[in-house]
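Numbering (my numbering), first residue to last: -13 to 185.
What follows is the structure, given as structure tokens:
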């Protein structure tokens, strides 16, 4: 009876921790700063980053949206993630950035900077930079050129325009790193406890 209980307990624990063990990392778009405060009339820069998650990528289309009464995109400079980067800032309230590999046989599998956007503040106020997930894509390097973007994982950046100059808070990513380290540690601890019970 005792062995049956231990076996049942082992199965329950396995099904609880299995989703964390075998979950695929989500591909997403983000900004290098979660907040920015800038004086009216001043310019500031913010970078668009791409996290491939657990996939290898061959291209990305990022559509950044913002309040055109508060901000104006003046320039986009290519990042180092993709060898070929193009952009379009002609549409008010939207910046389009595309990155792709030059060789179809190659791919990108590490997080990097797609491009850096320069904005000019037009008037006092606050707004949010975000990604249009209906049009943004992160394309996997497979035969189907699958779009693997996970909209719920995309980041935003809160921008405040007013007196006091520029104050930007970089994204630390500390919580994500702690979670990524803690989950495998907890899983190993649980399995260690199970094996001690069974032996």
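Cβ atoms here follow ideal geometry from the backbone N, Cα and C, with glycine treated the same way. Note that the structure is a prediction, hence the values are computed from the model and not measured.
Check	Outcome
Rounded straight-line distance, which links the Cα of residue 84 to that of residue 78	18 Å
Residue 76 classed as buried or exposed, judged by whether at least 16 other C-beta atoms fall within 10 angstroms	exposed
The segment 25 to 35 touching the segment 128 to 139, judged by at least three CB pairs closer than 8 Å	no
Endpoints, beta strand (DSSP E) assigned at residue 22	19 to 24
Close Cβ partners of residue 29 (< 7 Å) along its chain, the five nearest in sequence each way excluded	60, 104, 105 and 106
Reduced DSSP secondary structure (H/G/I, E/B, other) of residue 122	coil
Residue 138, DSSP secondary structure in three states	helix
Of the residues 90, 65 and 50, the one placed nearest residue 58, counting alpha carbons only	50
Backbone secondary structure at residue 87 - three-state DSSP	coil
Residue 63 versus residue 71 - alpha carbon distance	9 Å
For residue 130, the three-state DSSP class (helix, strand or coil)	coil
Residues of its chain near residue 80, where Cβ-Cβ distance is below 8 Å and the 5 sequence neighbours each way are ignored	49, 50, 51, 52 and 118
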